[in-house]
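Visitor: Before I ask anything, let me first share the structure, which is written out below as C-alpha cells.
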Ligand SMILES: Cc1ncc(C[n+]2csc(CCOP(=O)(O)OP(=O)(O)O)c2C)c(N)n1
Ligand SMILES: Cc1ncc(C[n+]2csc(CCOP(=O)(O)OP(=O)(O)O)c2C)c(N)n1
Ligand SMILES: [Mg+2]
Ligand SMILES: [Mg+2]
C-alpha cells in the first residue's frame, strides 16, 4: 500500500468520486480558485471544472441549504466548511433540516450529503477558531458523524460517506492533514460507518479516542509499552452511530478505561463514552473511567496558555497512570 | 408565600426588573402586541411601553446580536426566543460572540444578557418543534445555563440572571408554565446560579434532574415512598456551572443514582452527570448510574409514537427499580 | 421591477369555462378542508401546531394552475392547501394531520411537515426561512442536470426578514437558479405587521439589492395570480433567473388554530374577510358571467363536503404507525449499530410503563 | 443612493497643513506596523491567523479622522490598523500580537481579537459578519440612552453576502440606529472576487432592499474618505439613520500572512500596488503642494520606525499571562462551582506533564 498524507487521501478520494459519479459535486468557500484553504481540494477545479467544483460566497447557511435541496433532487454534494467554527451560522440547515428530512417525511426523500470540516485546533488559533462541535452533531438523530484518525480511515470513510444516502458530518483535523500512513489502492475499499476499530491491542487499559487524539493515543500506547503497561486503543471513527459493543468488549477485557478528546471537558464526547462504559461494563471496571479533554475556557491566544489548555500526551499518560493505580 | 404559576412568576419578575432598572429591556418575537406566544410577557408592553418591550422581526441572529451589542454598552436585554428550536439560526451570536467577549477581550467589557427560551416539548409538536439543546449551551465556557423546575426557582433564577453580568441561557419548559408553587414576595430574593438543590431528601437512591423532569422526579419519589423506596431528588437548576459537589454528596449517601432528562439519550445532559458520578463517587456506587432520556429519532408527530418517545414517570420508575436490584 | 397594476377581467371570453369552474372547486375544497381541519383540531383529532390557509386560496390555486408537473414546491408550515391543490387526495392529507400511517408523511410529519414526492411537493418546513435555501438547491439541481422546470420557494411576508432569505436571493441570482420566491403576503407574521418587520414594506422590492425582479400581485384574484405565475414561471425557466412574487392576501383567522387573534381589530378582520374573500369574489364573478349558477354552486359545495367527509372518514379509519416502526425511517442507508424494531418495542414499553 | 464621483482636490488651501501631515504620519505608521508585523509572524513571534491592512491605510485613517470620541467601532479580524489609528499606542497592540499580558486584550485575544474599551474600539471579531449585529446593538444602546454618537460596523466586501449583514441592515433601518456600514472593498474575500460572490457587485447599492442610502468612495484617498465619513457620520447621527459606505481599495498582499496569493495575477498585483498606494500617493500630493519636503519625510519615517521598534521591544520585554490566570476572565459575576487559580495550575501541570 502506498504511504500518503491524510490530505492526499482526502484529495484523491474527492477526485475519484468526482470521476466515478457525475452527480457528485464539491461546494465550499475557496475550494476552487484558491485551491482550498488547507489545500484539500487542490487541483480539482482544474481537473473537473466549475460545474463540479463550486466556489461559494460566504453564506454558509445559504449554500449548505442549497446542498441539501440539491441532494433531495439526486445530486451528491460534498460541502467543505472551512473550519467547524463557521458551521454555527449554518447549523439550522444541518440539524433542523438535513437530519430530519428522511425521517419526518416518512422516507420519501433522501439527503445524500457530506459536510467536511476540520474541528479543534492547535497553534494559537484563538477563541473563535479552535473549537470542537462534533459532540453537538453526534447528539442529533438522523445525522451520521465520522472522524477519521488516519489516512486509511480518511479515505475509507470519505468514500463511504459520499456513497451513503444520508447526511454525513465528516470531521477532520488541521493537525492531521500532514500525517502519513498506508492507504489501499483498491477502488472499492471503504471503511464502514458506525464501526469502531481496535487500532492497537492491549491488556491493561483501554484508551478510547477519535481523530487527532487517536494519533496521540497511539504514541502514548507505544511509550507505555516501554514502561510495561499494555494499552489497547479503540478508535471510535464514528461518533454516530456509536459502536458501543466494540468499546464495551475492550473494557470488559482490560477492566480499565481512559477516554480522550480534544473538545471541552463537560458535556463533551468523553462524557458519553464514560457514561456508556459505566452503564454497560460496571462490574468489569477496576477503576472509574478517566476523562481527558480540553480545559474549559474560550481558548486563550497566548502561546503557553493556549498550548496548556488542550489535552496532550502528558495528560493522557497522567490519566492512564491514575486508572492503573 | 403566595402560590402562583411558573408563568406568573416569570411575568412578575420581568415586570419587577423592568421597574427596578431602566437599563433592563425585553426583546423578542411577539412579546409585545401579541403579548407573548406563551403569554410570559402578557401586559408588559401595555405597562412599560415599546421602548422597554421590543417586538422584533423574525431575525433571531440579528436581534440576538443587537442584544449582545447593546449589553456591551450597558443595557441589560432579556431576549425571548420563542422556542429553543429557533435559536439555531442565532447560535453563532451566542456561542462565537456572547460567550467569549468577556474572556477573549481580557475582561474589558461585560455582556449582561439573558436569553429565555422554552426547551423540549410534549403534545405532538413534531420533529422541528420539540428539541432540547441546553446540553449544547452547557458545553460552552463563558455561558451560564440555568433551567428552573418550579415557580420559586423560576423567579429566583430569572432575577439572578437579569442581575448577573454574564450571558445567561434561561431554559424554560412549555409543560411547566401552568404548574403552581410558592413564591416569596421578598424583593431581593434570588436563587444563586451554579447551585443545585436537594428538593427531596431520601436514602435509597438519588434521582438527578432539572426543569420539567424534576417535576416528574418529585411525583415519582412520592410514589416510590409508598413502595418503601426512599428517593432523594437533586434538582440541578444550573447546568453550567454544574454543582458537582451537591450531586456527589447525595450519591455518596444513597450509593445509587438515576439521571433523567428530556433530551436525546446519547451525548445529552445525562451523559455528563453519569460520567461525573462514576468519576467522583465510583467506590460508593452499588450499581451503574442509570440514564433516562429521550428516544433518538426526530420526534415523530403521531400521537402514540410521539408520547412514547419521551421519558416519563414510567421510565424513571423502571430505572429506579433497576438500580435498586 | 414593477408593481403590477391590478388587472381587471372585464370579460372572461378567452377563458375555458371548465377551467374556471375547476379553480372555484379547488378554492372551495381548500376553504372547506381548512375549516373542517380547524374543527378536527378542536376535537383533538389533530395535535401540535396547525396553520390554515384561509383567505389564501386564490394564491395557492392560481399558482398551481400555472405550474407544470416537472416543477417543485417547497413551503413553510402553512402547507395544507398547497399539497391539496397540487393534486394529492384529501384523504392522505387529513390522515397526516391525524397522525396516521396512511398520511402523506406516514404520520411522522404532521400538519407542518407534509410531503408528496410523486407530485414534487417537497415538504413543509416549520423553521421560518429554512425552506428557502432548499428550494434554491432544488433549482440548482435542475440546472445541473439540465432539466426543465422551476422551483417555488413559498414563504410568508415576515419570512422576508430572516438572513436565509437574503442569502438565498444572492445565491439564486448568482447561480442562475429558476426560483419563484413566492411570498404570501397576508399582512402579518403572527401579530407583527409588515411595516413593523420590514424596513422595506413593499416586499416585491426586496430583490433590489440582488438585481432580482419582483412584482406585487393581488393574491385574492385567482386569475391574476395564475397569469402572473405563468408569465414569471416561464421567464424564470427560460432565462434561468429567479423572480419575486409578492402575493397580497388577507389572513382570515389567527396565526394558527390556537391563536385568538386578539391583536387585530375585529372590525378590520370582519371587513377584510368580507372584501378580500377570494372564494366568494370568484363565485360572484363567475355568476355574473353566467359561467356558474346556483345549482352548480350547490352541487359543488355538496361534492366538496362529501370529499372532505370521506377524507376525515379515511383518516379516522386509518391505523396509527406501529410502535415497532419507530426507527423505520431513521436512515436511508443502513449502517452498523443502529436500533431496530425490537429496540423500539423495548424502549417504548419502558416509557409507557408496560414492563 | 449615489455613486459619488471621485472628488479631485486641486488645491489643499482649505486644509490644515499639520492635520495633513498627521494623516500621512498615521498612514505610514499603519503601513510599517503591518510590514513589521508580517516579519514578526515569520519569526514566529506571532501565531494563529494574522491579517494585515496593507493598502487600506487611507480608508482607516480617513475614517478615524471623521469619528468623534463618543463613537464606537466594531471590526472584523483585519483590525490592527483601526485600533492603531484610533489612538491606542503601538506597544500594547504589538504585545497582543505577541500574546503578552500587556497586550490590549491581555494576551487572550490575539491578532483577530483586539479591544480597547477606553477608546471605544469594541473589538475584532473573526466570524465573518458576526460583528455587524453587535454594532447595530451598540447604536441601539446609544439611542436608548439618548446619547450622541454613531457606531461603525466595519467589514470586508465578501462579508456583504452573509445573512447577518442583511438582518442588520433591516434592524438598523427599522430601529433608527446610527450605524455606518463601513465596507472595506478590497476586491476579494480570500480568493473570491466581488463579482463571484455578490449578485449585486456594486456594494453601495446593497441597501436598496432596506431603504438604506449608500455611497461608493475612493478608499485610497484619505481626504475623500474623511470627508465622506464626516458627512455621513453626521447624517447618521442627526437623522438616526444607517448608511452604507463602499470603500474601494487594493489589497497589497494575500488574504493573511500565510496566503501566497497565487490566485491573483502577479502583474495585476504589481500594478495595483503601484497605482493604488494610498501612502505614496498622499506623499506625492503633499509634496506637490509643498506641505512636506524630503527632510520631513525622512524624519517621519525615522520616527515611525523608532516607534514601531519600541513597540516590538515592549512586546518582547512583556510577560506572558500567568498560568494561574487561565480562568481569570471567565465570568464578570462570580458564581459558585467555577474553577480558580489553583485549579488552573493543577490542570495545566497535568497537560504539560509537570506532575
Ligand atoms: C426561525 C423561526 N423563528 C420563529 C418561528 C416561529 N414562527 C412560526 S410562524 C411565524 C410567523 C411567520 O409569519 P409569515 O412569514 O408572515 O407567515 P404566515 O404565518 O403569515 O403565513 C413565527 C414567528 C419559527 N418557526 N422559526
Ligand atoms: C462565517 C465565516 N465563514 C468563513 C470564514 C473564513 N474567512 C475569514 S476571512 C474570509 C474572507 C472575508 O473577505 P472580506 O469580507 O472581503 O474581508 P477581507 O478579508 O478582504 O478584508 C473568510 C472566508 C469566517 N471567518 N467566518
Ligand atoms: Mg404573514
Ligand atoms: Mg475583501
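Residue numbers (the working numbering), protein chains in the order written: chain A, 9 to 333; chain B, 9 to 333; chain C, 458 to 812; chain D, 458 to 812.
Think of the CB as a built atom: it goes at the ideal place given N, C-alpha and C, for glycine as much as any other residue.
This one's a predicted model, so the numbers in the text were calculated from it and none came from an experiment.
Could you check what DSSP says for residue 333 of chain B in three-state terms: helix, strand or coil?
Guide: Residue 333 of chain B falls in the coil class under three-state DSSP.
Visitor: Compute the Euclidean distance between the alpha carbons of residue 459 of chain D and residue 686 of chain D, then round it to the nearest angstrom.
Guide: Bear in mind that a pLDDT of 43 at residue 459 of chain D, under 50, signals an unreliable position, so the number given afterwards is only what the model happens to contain. Straight-line Cα distance between these residues: approximately 15 Å.
Visitor: Helix, strand or coil: how does DSSP classify residue 327 of chain A here?
Guide: Helix.
Visitor: Starting from the beta carbon of residue 509 of chain D, find every residue of chain C whose beta carbon is closer than 7 Å, and list them in chain order.
Guide: Simply none; closest approach about 28 Å.
Visitor: Out of C:469, C:523, C:551 and C:475, which has the shortest C-alpha to C-alpha gap to residue 682 of chain C?
Guide: Considering only alpha carbons, the answer is C:523.
Visitor: Ligand 3 and residue 586 of chain C: does any heavy atom of the ligand fall closer than 6 Å to the residue's C-beta?
Guide: Every heavy atom of ligand 3 is 6 Å or more from the Cβ of residue 586 of chain C, so no.
Visitor: Which residues in the same chain as residue 176 of chain B place their Cβ atom closer than 6 Å to its Cβ, once the five residues preceding and following it in sequence are excluded?
Guide: Excluding sequence neighbours, residue 176 of chain B sits near 122, 152 and 169.
Visitor: Is residue 770 of chain D helix, strand or coil by DSSP?
Guide: Helix at residue 770 of chain D.
Visitor: So with Cβ pairs under 7 Å, would you call residue 70 of chain A a contact of chain C?
Guide: Yes, its Cβ sits closer than 7 Å to a Cβ of chain C.
Visitor: In terms of residues, what are the limits of the beta strand (DSSP E) holding residue 271 of chain B?
Guide: Element bounds for residue 271 of chain B: 265-272.
Visitor: Can you pull the chain C residues whose beta carbon is under 8 Å from the beta carbon of residue 42 of chain B, in chain order?
Guide: Residues of chain C passing the Cβ test: 647, 648, 649 and 720.
Visitor: Could you name the residues of the same chain whose beta carbon sits closer than 6 Å to that of residue 761 of chain D, not counting the 5 residues immediately before and after it, in chain order?
Guide: Excluding sequence neighbours, residue 761 of chain D sits near 485, 486 and 489.
Visitor: For residue 579 of chain D, go through chain B and note every residue whose CB falls closer than 7 Å to its CB, in chain order.
Guide: What residue 579 of chain D touches in chain B: 80.
Visitor: Please confirm whether residue 589 of chain D and residue 622 of chain D have their CB atoms less than 7 Å apart.
Guide: Yes, the pair counts as a contact, with Cβ atoms nearer than the cut-off.
Visitor: Would you check whether ligand 2 has a heavy atom nearer than 6 Å to the C-beta of residue 622 of chain D?
Guide: The answer is no for residue 622 of chain D.
Visitor: Give the straight-line distance between the Cα atoms of residue 772 of chain D and residue 527 of chain D, rounded to the nearest whole angstrom.
Guide: In a straight line, the C-alpha of residue 772 of chain D is about 29 Å away from that of residue 527 of chain D.
Visitor: Here's a check: name, in chain order, each residue in its chain whose Cβ is nearer than 6 Å to the Cβ of residue 139 of chain A, leaving out the five neighbours to either side.
Guide: Hits under 6 Å: 93.
Visitor: Tell me the start and end of each unbroken alpha helix (DSSP H) in the segment 66-141 of chain A that is at least 4 residues and wholly inside, in chain order.
Guide: The qualifying runs are 68-80 and 107-112.
Visitor: Is there at least one Cβ from chain A nearer than 7 Å to residue 280 of chain B's Cβ?
Guide: It does; some Cβ of chain A falls within 7 Å.
Visitor: Please check if any C-beta of chain B sits within less than 7 Å of the C-beta of residue 792 of chain C.
Guide: Cβ-Cβ to chain B under 7 Å: no for residue 792 of chain C.
Visitor: With 7 Å set as the bound, which would you pick, yes or no: does the beta-carbon of residue 334 of chain A sit closer than that to a beta-carbon of chain B?
Guide: Because chain A here runs from 9 to 333, residue 334 of chain A falls outside it and cannot be looked at.
Visitor: To test your reading of the DSSP string, which unbroken alpha helix (DSSP H) runs of 4 or more residues are found completely within the segment 191-254 of chain A?
Guide: Within the segment 191-254 of chain A, the complete alpha helix (DSSP H) runs of at least 4 residues are 220-234.
Visitor: Which residues in the same chain as residue 736 of chain D place their Cβ atom closer than 7 Å to its Cβ, once the five residues preceding and following it in sequence are excluded?
Guide: Here the set comprises 484, 485, 488 and 514.
Visitor: I want to see whether chain D comes within less than 7 Å of residue 202 of chain B, judged by CB atoms only; does it?
Guide: By this cut-off, residue 202 of chain B is an interface position.
Visitor: Does ligand 4 have even one heavy atom less than 6 Å from the beta-carbon of residue 788 of chain D?
Guide: For ligand 4, not one heavy atom lies less than 6 Å from the Cβ of residue 788 of chain D.
Visitor: Who are the near neighbours of residue 480 of chain D in its chain, counting only those whose CB is closer than 6 Å to its CB and skipping five residues on each side?
Guide: Once the five neighbours on either side are set aside, the close Cβ partners of residue 480 of chain D are 518 and 679.
Visitor: Near residue 98 of chain B, which residues of its chain fall below 6 Å by C-beta distance, leaving aside the five closest residues on each side in sequence?
Guide: The residues are 68, 69 and 72.
Visitor: May I ask you to report which of helix, strand or coil DSSP gives residue 151 of chain A?
Guide: Correct three-state label for residue 151 of chain A: coil.
Visitor: Ligand 1 and residue 618 of chain C: does the residue's C-beta get closer than 6 Å to at least one heavy atom of that ligand?
Guide: It does not: the Cβ of residue 618 of chain C is nowhere closer than 6 Å to a heavy atom of ligand 1.
Visitor: Using the Cβ count rule (16 or more neighbours within 10 Å means buried), how would you classify residue 105 of chain B?
Guide: Buried, since its Cβ has 16 or more Cβ neighbours within 10 Å.
Visitor: Which residues share a DSSP beta bridge with residue 612 of chain C?
Guide: Looking at the DSSP assignment, residue 612 of chain C forms a beta bridge with C:640.
Visitor: By the 8 Å beta-carbon criterion, what residues does the segment 668-686 of chain D contribute toward chain C?
Guide: Those would be 668 and 669, in chain order.
Visitor: Mark residue 725 of chain D as exposed unless 16 or more other C-beta atoms lie within 10 angstroms of its C-beta, in which case mark it buried.
Guide: Exposed, because fewer than 16 other Cβ atoms sit within 10 Å of the Cβ of residue 725 of chain D.
Visitor: Straight-line CA distance for residue 12 of chain A to residue 539 of chain D?
Guide: Spanning the two alpha carbons is a distance of roughly 44 Å.
Visitor: Could you name the residues of the same chain whose beta carbon sits closer than 8 Å to that of residue 668 of chain C, not counting the 5 residues immediately before and after it, in chain order?
Guide: The residues are 630.
Visitor: Could you please give the first and the last residue of the uninterrupted beta strand (DSSP E) stretch that includes residue 548 of chain C?
Guide: Unbroken run through residue 548 of chain C is the alpha helix (DSSP H), 547-554; no beta strand (DSSP E).
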